[in-house]
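Just below is one structure, and these are the notes that go with it.
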Amino acid sequence: MNGHSFTNHKAGSVVIALVAAVTVLVPLCNAVFPDGSALHFSAYTVSLLGKYMTFALLGLTLDLVWGYCGILALGHGAFFALGGYAIGMYLMRQIGNRGVYGDPVLPDFMVFLNWKELPWYWLGFDQFWFASLMVLIVPGSLAFVFGWLAFRSRVTGVYLSIITQALTYALMLAFFRNEMGFGGNNGLTDFKSILGFTIQSEAVRLALLMISGLSLIGAFLLSRWIIKTKLGRVVTAVRDQESRVRFLGYRVEMFKLWLFVFAAMLAGLAGALYVPQVGIINPSEFSPLNSLEIVVWVALGGRGTLYGAIVGAVLVNYGKTVLTGLLPEIWLFTLGAAFVLVTMFLPRGLVGLLVRDGKES
Amino acid sequence: MNGSEPQTDQRQDKPFGFMVQPRASNRLDVTHGTILYLEDVSVSFDGFKALNGLCLYIDVGELRCLIGPNGAGKTTLMDVITGKTRPDSGSVFFGQTIDLLQMDEPAIAQAGVCRKFQKPSVFDGLTVFENLELAMKTDKGAWATLFHRLGSEQLDRIAEVLQTIGLQEYASRPAGALSHGQKQWLEIGMLLMQEPKVMLVDEPVAGMTHHEIDRTAELLLSLQGKHSIIVVEHDMAFVRSIARKVTVLHEGSVLTEGTMDEVQNDPRVIQVYLGD
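These protein sequence lines are chains A and B, in that order.
Under the numbering used here, think of the first position of the first sequence as 1, with each following residue one higher.
Under the numbering used here, think of the first position of the second sequence as 1, with each following residue one higher.
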């Protein structure tokens, strides 16, 4: 046990050191080497790396609830998308009169819909601090309400998975509607600036990459600390023998809720870092397929390890970037095949190959 | 059975919550010397009466053995006391004032009615020490658990229980690596960590060697007086070695109670066990 957790601990530290290296070295290289040099990273690469960081963070949050607490949430992408929408609303308000219609307050799509004033739920999103707060509060509140109802009624296993999937699907349909006031199927895009800085500028891209990297590192260290506390042990005990924990006097639903809300808030943060780097958020982010993909990242990387989720998220998304460029039609087959093979032959995921000790917990 | 029952059973004669008499107090009151009152408890599953008007009283500090053929309702009885199963009718009181039927599993466990399961249910991935730490009586809220630090008193308590159950040398071993008998002891230790008033011990010696059975008997005997203990067991030799008072269940109700000798010579008991 001790040897096992030590090696896992060490492997986790190696992975997080790599993340830290990228976070520091990429901006450093770009500062030192001039544009055009081989060691100067292109805007595309910087954004891509930043995107991978946010996906890794998203995978990490799913691993917390799935790998450690046994909650197979198939709608985790919803929290990511909500965080993305929250920051997207701020970025829309930042456009101001630079939009196509030049309205100082209303975003273009509202002008297009002949709306005369801003809906109440858009108020406050011109303030960065308010939007940042909403990035955590909106996904957290949804997770709280949903989790409270589901965990208190002791909905578990496949039933819980199905209703989380239904949740994200319902949100997708709702956000597709123009009347919702979130830009319908086009979503929110054409962002110009963030905190007054041009969003396409190299400095902003590098800053976003660094913030994403630091968030990932912070989230990893915080999660690893939580898992090592008594709460972490209770949560893994819930995963292994839920009813036994209840008979020890723990309110299992409160522990699940605590972790679920925490993970949802971090997923919201990941979404908020993702959106300015890709420049768009639309309802397809809510699609159930996206949420399933997160599960695939974690399963491929190795669940219940935290760093496995990071490895899985980066590898799968790198594969996706490469293959959808070269042979777009085979990407989904490759992903499916990889998932099946790993599930059959590597139940502990890819990191299970590296870390010795055959028995997980 | 899987916990989907409603939290409180609606009583026909008191259809509104505000008409149900409030619990007098949450303090355990055992001034009459009885710690557990089960009166007229009935449970049926799809028409099968698992418990049928069962009445049982357990005294403070008593070590009571429950025996009975398969299907007599022994495990269902434990399920009712610990809140896993809601009875169709009857009342279950802990002391004179605490109504266990108004409480859910964690609340009952925190009140001091703790249970060892038939199949040893320890957390295999955690060490013996961590299993005991998890069971320890303390604030069991999520935030309190997150910031929990073991005090020296609590460390002493864990060490003491480790000694009681004879697993001092195994403290840092994963519970999954223990032998079957050791897991049973660990689970008894986890009960002790909860500082229980009532211990429900379901089949503590199933699958144990003779030597282990003797040690378990010693352990349980050393605990009586400090805790009220109900032991369910099939092993008659074991029951004989620990029992002061034995209750025989049959078809969901109490057939007879008495010393082991009285019970074994009761013609009804013989008939139930041997058939006609």
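A virtual CB, placed ideally from N, CA and C, is assigned to each residue, including glycine.
Treat the numbers as computed from the prediction; the structure is a model and nothing was measured.
Residue 280/A sits close to residue 189/A, with the two beta carbons spaced by under 7 angstroms. When rounded, the separation of the alpha-carbon atoms in residue 272/A and residue 201/B is 52 angstroms.
About 15 angstroms separates the beta carbons of residue 138/A and residue 260/A, which is beyond the 8 angstroms limit, so they are not a contact pair. Counting only the Cα atoms, residue 87/A lies some 7 angstroms from residue 135/A.
Residue 146/A counts as buried, since no fewer than 16 other beta carbons sit within 10 angstroms of its beta carbon. In the three-state DSSP reduction, residue 39/B falls in the strand class (E or B). Looking only at 222/B, 225/B and 246/B, the smallest Cα-Cα distance to residue 232/B is reached by 246/B. With respect to residue 267/A, residue 130/A sits apart: the two C-beta atoms are not nearer than 7 angstroms. In this structure, the beta-carbon distance from residue 37/A to residue 205/A does not fall below 7 angstroms.
DSSP places residue 110/A in the helix class (H, G or I) of the three-state scheme. Judged by beta-carbon spacing, residue 228/B lies within the 7 angstroms limit of residue 62/B, meaning their Cβ atoms are closer than that value. Runs of alpha helix (DSSP H) with 4 or more residues, each lying fully within the segment 77-121 of chain A, are found at 77-95 and 108-112, listed in chain order. In this structure, residue 94/B keeps its C-beta atom at 7 angstroms or more from the C-beta atom of residue 101/B. With its beta carbon at least 7 angstroms from every one in chain A, residue 120/B lies outside the interface.
DSSP places residue 307/A in the helix class (H, G or I) of the three-state scheme. Chain B places a beta carbon closer than 7 angstroms to that of residue 258/A, counting this residue as a contact. The Cβ of residue 227/B sits no closer than 7 angstroms to any Cβ of chain A. Close to residue 254/A, with beta-carbon spacing below 8 angstroms, are these residues of chain B in chain order: 141 and 142.
Taking 7 angstroms as the threshold, the shortest C-beta distance from residue 146/B to chain A falls below it.
Residue 143/A has a beta carbon lying at 7 angstroms or more from every beta carbon in chain B. With contact defined as three or more Cβ pairs closer than 8 angstroms, the segment 305-320 of chain A and the segment 50-58 of chain A are in contact. A straight-line Cα-Cα distance of about 19 angstroms links residue 175/B and residue 69/A. Taken through DSSP and simplified to helix, strand or coil, residue 62/B comes out as coil. Within the DSSP bridge table, the entry for residue 91/B names 39/B as partners. Proximity of chain B to residue 109/A at the Cβ level (cut-off 7 angstroms) is not reached, the minimal Cβ distance being about 41 angstroms. By the criterion of a C-beta distance shorter than 6 angstroms, residue 122/B is surrounded in its chain by 131, 175, 183, 186 and 187, once the five residues flanking it on both sides are discounted. Restricting attention to 292/A, 201/A, 309/A and 82/A, the CA atom closest to the CA of residue 275/A is found in 82/A. Between the alpha carbons of residue 140/A and residue 73/A lies a gap of roughly 15 angstroms.
Residue contact check for residue 115/B against chain A: a CB pair falls below 7 angstroms.
Chain A places a beta carbon closer than 7 angstroms to that of residue 123/B, counting this residue as a contact.
In this structure, residue 283/A and residue 181/A do not form a Cβ contact; the two beta carbons are roughly 13 angstroms apart against a cut-off of 8 angstroms. Counting the other Cβ atoms within 10 Å of the Cβ of residue 162/A gives fewer than 16, which makes it exposed.
The straight-line gap separating the alpha-carbon atoms of residue 309/A and residue 13/A is approximately 14 angstroms.
The beta-carbon of residue 36/A is placed no less than 7 angstroms from the nearest beta-carbon of chain B.
From the beta-carbon of residue 106/B, the residues of chain A found nearer than 7 angstroms are 246, 249, 250 and 251.
A distance of 7 angstroms or more separates the beta carbons of residue 232/A and residue 140/B.
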